[in-house]
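Using the working numbering, you'd call the opening residue of the sequence shown number 1297 and step up by one each time.
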Amino acid sequence: MDQFIIEGARPLRGSVRVSGSKNAALPILIATLLTDDPCVIDNVPVLLRDIRTTLRLLESLGKKVELRGNSVRVTSKGSLKTQAPYDLVKQMRASVLAAGPLLARFGLVRVPIPGGCAIGLRPIDIHLQGFADMGARRIADHGDIILSAPALKPRRLRFTFPSVGATENLMMAACAVSGLTVIQNAACEPEIEDLGRFLNRLGAHVSGAGTPVVKIRGTLRLKGCRHCVIPDRIEAGTFLLAAAATRGNLRLLGAEGRHLGALIDKMRSGGALIKAIAGGLQISMTGRPRAVAVDTAPYPGFPTDLQAPWMSWMCSAQGRSRVKETVFENRFLHSAELARMGAQIGVGGNNAIITGVAQLHGAPIMASDIRAGAGLLIAALAAHGRTVLQRVYHIDRGYERVEFKLRRVGARIRRVKR
Ligand code: EPZ
């Protein structure tokens, strides 16, 4: 249970390189289950805990995984297993994405039902309905779900909500099914677009990935390929907000501005100066932000994954702002920790009202999930005095070498191993 000790109120200045996207790399690595040929995935944030868990998942299913720098080579070493271990699924819900490729290829898969987590119940009913619509039979057995379908059928699917995971799971399954599958009301996140590019390189015919209607013409034989993962928009957005909260000036190398439209618009309304530079983005901020309201929403709306980091910036706004969380039902756990630092936040249902204060102060605080942890880290960097941030393992799931990146741009942060 490592801790971060942070001495705050130091502006971040300099350059930070953005890592490859965790949430794009996860499904792409899992999609290598669709082929027996070798695949090489570049720009993978290999130091992240969730990526390590994914590589262990692939190995437990029978793949061989080799790392070289931030490239991952995935090869086959015999037949694949069709059962994902609970031990890994409980560490990382995205393990459930193995269901699509395995069911489509082998006609059978057994996956533990991932439980809820700190941010909400997170059911997988949309995934399961999609598989059922494609002809899978489902049996519940001791906390696992067994899905069987001698041959999935191509179908026209309509999701009740644009779930990121369900879109990825069904896209992967459809790639190994001959014929045309159409997903309507699909999620539009850039990570889905990247998965679509990878699946096309494997030899599937995917069009519309990144729009609400994705069309997949699958084939029974997919081949290997090489693919480079997109930059992590959530890491980039977290650094933009950290720079703004510390009233700094930061260049984000590799950041993709077009994936961050909703955040950049809101940050500009708050008073941040953000511009595109060669190969990235630059931000500068002086003084307290103006109070700006945000509602989280599926892409291209304001990302729920940046809600906690955003709230930390708004804690020092001039005036009163509102955050409405529409994607997850329980994603305000960070607000009680921010209150320990002097923030004034009232939470009612899925709304938080933040009354800006002139200055946060350091305090002992605790992360409850990846992005809550990132939000608290930003608050600590902005606050006067010392913060001890506990449960850093949550942050390590989603931010590579975060303390090294922050120290290089002027933060006083150190990790204490416990
Ligand atoms: C992905 O989770 C991301 N994870 C999340 O990032 C992100 O917060 C989320 O998308 C929304 O953008 C990965 O990509 C690995 P959803 P996912 O299915 O796929 C409900 C992070 O911090 N829902 O779009 O699980 C669900 O409960 C993580 O990096 C159903 O009701 O998100 C939630 O309220 C956290 N039934 C909403 O939809 C279903 O079958 C969005 O979930 C599926 C989802």
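The C-beta atom is built at its ideal place from N, Cα and C for all residues, glycine as well.
State buried or exposed for residue i, treating a residue as buried only when at least 16 other CB atoms are found within 10 Å of its CB.
i	result
ALA1582	One point to set straight first is that residue 1582 is Thr, not Ala, in the sequence displayed. Answer is exposed; the Cβ neighbour count stays below 16.
GLN1603	buried
GLU1696	buried
PHE1624	buried
ASP1601	buried
LEU1417	exposed
HIS1555	buried
GLN1640	exposed
ALA1574	exposed
GLU1487	buried
ALA1445	buried
THR1456	exposed
So, for residue i: in the same chain, excluding its five sequence neighbours on each side, which residues have a beta-carbon less than 6 Å away from its beta-carbon?
i	result
LYS1373	LYS1360
ILE1435	ILE1442
MET1610	SER1617 and ILE1650
ARG1710	ILE1301
TYR1595	CYS1484 and GLU1485
VAL1460	ALA1483 and GLU1485
Looking at the secondary structure, which residues open and close the alpha helix (DSSP H) in which residue i lies?
i	result
ARG1345	1345-1356
ALA1428	1421-1429
ILE1666	1666-1678
GLY1396	1395-1402
GLN1480	Run containing GLN1480: none in the alpha helix (DSSP H); it sits in the beta strand (DSSP E), 1475-1480.
ASP1561	1557-1566
ILE1691	1689-1692
With distances taken Cα to Cα, identify the nearest neighbour of residue i among the options.
i	options	result
ILE1302	LEU1672, TYR1689 and HIS1690	LEU1672
GLU1355	THR1371, ARG1364 and SER1367	THR1371
GLY1504	ALA1394, ARG1517 and GLN1480	GLN1480
PRO1410	GLY1403, ASP1332, ILE1420 and ASP1591	ILE1420
TRP1606	LEU1577, VAL1623, VAL1698 and LEU1559	LEU1559
ASN1366	GLY1316, ASP1332, PRO1381 and LEU1353	GLY1316
LYS1701	LEU1518, PHE1535 and ASP1440	PHE1535
VAL1405	ALA1635, ARG1433 and MET1297	ARG1433
ALA1395	PRO1450, GLN1379, ALA1648 and ARG1493	GLN1379
ILE1674	ARG1708, GLY1645, GLY1644 and VAL1336	ARG1708
LYS1519	GLY1426, GLY1499, ARG1313 and PRO1527	GLY1499
GLY1533	CYS1521, ARG1522, GLY1557 and LEU1516	GLY1557
ARG1543	VAL1510, PRO1585 and PRO1508	PRO1585
ASN1545	GLN1299, LEU1398 and SER1311	SER1311
GLY1652	THR1349, PRO1334, ARG1309 and VAL1619	VAL1619
HIS1523	ARG1493, GLU1552 and THR1515	ARG1493
For the beta strand (DSSP E) containing residue i, name the first residue and the last one.
i	result
CYS1471	No beta strand (DSSP E) holds CYS1471; the alpha helix (DSSP H) holding it covers 1460-1471.
ASN1647	1647-1651
PHE1300	1299-1303
SER1580	1576-1580
GLY1310	1309-1313
THR1683	1682-1686
PRO1251	Only positions 1297 to 1714 of the chain appear in the structure, and residue 1251 is not among them; the question remains open.
Suppose you measure from the CA of residue i to the CA of residue j; what does that come to, to the nearest Å?
i	j	result
ALA1632	ALA1305	21 Å
LEU1629	GLY1358	38 Å
GLY1669	MET1662	8 Å
ASP1490	GLY1566	31 Å
LEU1537	PHE1402	45 Å
ALA1540	ALA1613	11 Å
ARG1667	ILE1422	24 Å
Please tell me whether, using a cut-off of 7 Å, the distance from the CB of residue i to the nearest non-hydrogen atom of the ligand ATP is below it.
i	result
ASN1319	Questions concerning the ligand ATP fall outside what the structure shown contains, since the ligands it does hold are the ligand EPZ.
Apart from the five residues just before and just after residue i, which ones in its own chain have a Cβ nearer than 8 Å to its Cβ?
i	result
ASP1346	LYS1318, LEU1322, MET1388, ALA1390, ARG1693 and GLY1694
Please return the same chain residues whose Cβ sits closer than 7 Å to the Cβ of residue i, not counting the five positions on each side in sequence.
i	result
GLU1531	VAL1314, SER1315 and TYR1695
Output yes if chain B places a C-beta closer than 8 Å to the C-beta of residue i; else output no.
i	result
ARG1682	No chain B appears in this structure, which consists of one protein chain only.
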